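The structure under discussion appears below in the form of structure tokens.
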Ligand code: ADP
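Numbering (our numbering), first residue to last: 242 to 832.
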């Protein structure tokens, strides 16, 4: 490594310009100065290369050496990733803490995967077997809940000439040898992968199932597909963090990857403090047993935010390639975009909108495009998904912000968090009129099968009522509530019930924090039934006042407190709704 060197000619913050780097290539990883500051070549002009350095460059000056590595910025993929906390360039923060103390010193190095840790490797193939890329060679119990599958690395296929028996090995030990057309290749527990290149798959498929989150507003109205992409723009205090925690805890993904592109001290502190404390409601064990955290430390320059995003998605693809459903959360991608703006400014590129580089949208897209439902490589046809949810924090909550707009061009779900709803303590503050999911149609077959045709109709009807409410509110503002017909007033009442009894969900209340699809269906059916019978009663001459003072409405509003294993209580409430209306109608008919 040390022979191939260039010279620094200019330093400008995280940007270092060097001359005469032998065979410099775009996105090649280099080390700047003898402090071994880690960077990536992001522009080459003639014999000059611009290097984005991921560490503080103060004290570095012209004339200092730049060492090439001949490799693109890569990550190590193997057992030990789960449960780790990495920085943007995959340095294990917990290990650095032990080695160097509270602040990561410059040039600090520690391999991403522990070289001395022993893993019990259990082979699943035999000598002589013919294997393709992506086939499973053996397994390692990575955490009590995750089985790590050791795959034939990309680019390798052929006959197994050697495979070790079940025993404890380190990530560096050779566990298998494969005879390929280019000679014998050794397989270890880990492999490397360049972060900016998507890991290959056999086939991409359209999403067909929702990522079930147990959050009613999401599952019922704005579902994200497994393998889908979503964007959550959230002004401060609108519940962005709570939503991300809820999704990490409750969504039916096998593996969670959480990228904090912010700096420590703001967005990241919560995550670093809270995540290791969270318990996985499904297993009762720490959530970290199926989670990887990526956090940028505050003494790393902004450039590292970009690395963290690509590092995270590469790890996501790796677990997807084992056949898992992976969900990745990035918080907040606005911080990454700001880093792009800063680097672009230093490179003196032509600025686009609000100073962001012209390639902002395509760079953001190159991240989200790596999500998807796919057929993974390997001899057995197997599907897996990688879903990506990105939080965006536009200044002042302004949705015309270029980062929000560029993101919306690629993602297919938009959960618009609303400051006013949050202020009114309506949580989750996902605004029902401004949010959308372009997966709703694609997933309707799933919903029809799981919840019945009726669900689709009830959902549409509910959305129609919510929309109508906002028009009616406009009218009420102009002419007053008394000008509305009883039917319109009923719409307002039902709409309020949909908002308060269905959409509002308290993340901090055990019984309300997660709602199964089955319970969502039953809750919605109560509101729907009450509305339908109210309309009929109005037609038969019952007064609206009588309807809205029916005591059974209290039962509807308390339906969210019915435990998942006592669904028969919904039958009782439905019966009570029918009885109440029978009595009201009888009353008017007897007069
Ligand atoms: P942000 O990350 O957008 O600044 P937070 O996620 O920290 O906002 O939410 C702010 C506060 O809103 C939380 O501390 C909590 O009190 C409340 N909150 C947000 N979402 C919910 C929810 N689903 N249920 C109950 N309270 C919530």
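Just so it is clear, CB atoms sit at the ideal spot from N, CA and C, and this is done for glycine as well. Since the structure is predicted, the reported quantities are computational estimates derived from the model, not experimental observations.
Asked: When the distance is taken between beta carbons, is residue 648 closer than 8 Å to residue 574?; Found: yes
Asked: Can you give me the start and stop residues for the alpha helix (DSSP H) that residue 577 sits inside?; Found: 574-587
Asked: Sorted by chain position, which residues of the same chain lie with C-beta nearer than 8 Å to residue 422's C-beta, five sequence neighbours on each side aside?; Found: 399
Asked: Express the C-alpha separation of residue 570 and residue 527 in angstroms, rounding to a whole number.; Found: 18 Å
Asked: Excluding the five sequence neighbours on either side, which residues of its own chain have a C-beta within less than 6 Å of the C-beta of residue 645, listed in chain order?; Found: 474, 633 and 635
Asked: Using a threshold of 8 Å, state whether the C-beta atoms of residue 762 and residue 692 are closer than that.; Found: yes
Asked: Since residue 428 sits in a beta bridge, which residues does DSSP pair it with?; Found: 417
Asked: Skipping 5 residues on each side, what residues in its chain have a beta carbon closer than 6 Å to that of residue 492?; Found: 452, 454 and 568
Asked: Could you give the distance in angstroms between the alpha-carbon of residue 223 and the alpha-carbon of residue 810?; Found: The first residue shown for the chain is 242 and the last is 832, placing residue 223 beyond what the model contains.
Asked: Could you name the residues whose beta carbon sits closer than 5 Å to any heavy atom belonging to ligand 1, keeping them in chain order?; Found: 475, 477, 478, 479, 480, 481, 482, 483, 668, 669, 747 and 748
Asked: Please state whether the Cβ-Cβ distance between residue 302 and residue 384 is less than 8 Å.; Found: no
Asked: Unbroken beta strand (DSSP E) runs of length 3 or more, entirely within the region 440-482: which are they?; Found: 444-446 and 470-474
Asked: Relative to the C-alpha of residue 637, which residue among 478, 558 and 380 is closest?; Found: 478
Asked: In the DSSP assignment, what residue or residues form a beta bridge with residue 379?; Found: 364 and 391
Asked: Where do the N-terminal and C-terminal ends of the beta strand (DSSP E) with residue 614 fall, by residue?; Found: 613-616
Asked: How far does the beta strand (DSSP E) with residue 745 in it extend, from its first residue to its last?; Found: That residue, residue 745, is in no beta strand (DSSP E); it is neither H nor E in DSSP.
Asked: Opposite residue 319 in the DSSP bridges: which residues?; Found: Looking at the DSSP assignment, residue 319 forms no beta bridge with any residue, so it has no partner.
Asked: CA-CA distance, residue 394 and residue 611?; Found: 19 Å
Asked: Would you decide whether residue 669 is buried or exposed? Buried here means 16 or more other CB atoms lie within 10 Å of its CB.; Found: buried
Asked: Near residue 793, what residues of its chain come up, given a Cβ to Cβ distance below 6 Å and the 5 sequence neighbours on each side ignored?; Found: 817, 818 and 821
Asked: Mind checking residue 665: buried by the 16 CB within 10 Å criterion, or exposed?; Found: exposed
Asked: Among 785, 432 and 814, which one has its Cα closest to the Cα of residue 765?; Found: 814
Asked: How many Å lie between residue 368 and residue 375 at the Cα?; Found: 17 Å
Asked: Using the three-state DSSP reduction, which class does residue 749 fall into: helix, strand or coil?; Found: coil
Asked: For residue 470, count neighbouring C-beta atoms within 10 Å of its own C-beta (all shown protein chains included) and say buried if the count is 16 or more, exposed if not.; Found: buried
Asked: Cβ of residue 797 versus every heavy atom of ligand 2: is any distance shorter than 7 Å?; Found: No copy of ligand 2 appears in this structure; the ligands present are ligand 1.
Asked: Between which residues of its own chain and residue 285 is the CB-CB distance below 7 Å, once the five residues before and five after are set aside?; Found: 265 and 267
Asked: Run through the DSSP bridge pairs and tell me what residue 516 is partnered with.; Found: In DSSP, residue 516 forms no bridge with anything.
Asked: Sorted by chain position, which residues of the same chain lie with C-beta nearer than 7 Å to residue 336's C-beta, five sequence neighbours on each side aside?; Found: 351
Asked: Whole-angstrom Cβ separation of residue 785 and residue 731, contact assumed at under 8 Å?; Found: 6 Å
Asked: In chain order, which continuous runs of the beta strand (DSSP E) of length 3 or greater are located wholly inside the region 253-288?; Found: 256-260, 269-273 and 278-286
Asked: Go ahead and pull the three-state DSSP assignment for residue 794.; Found: helix
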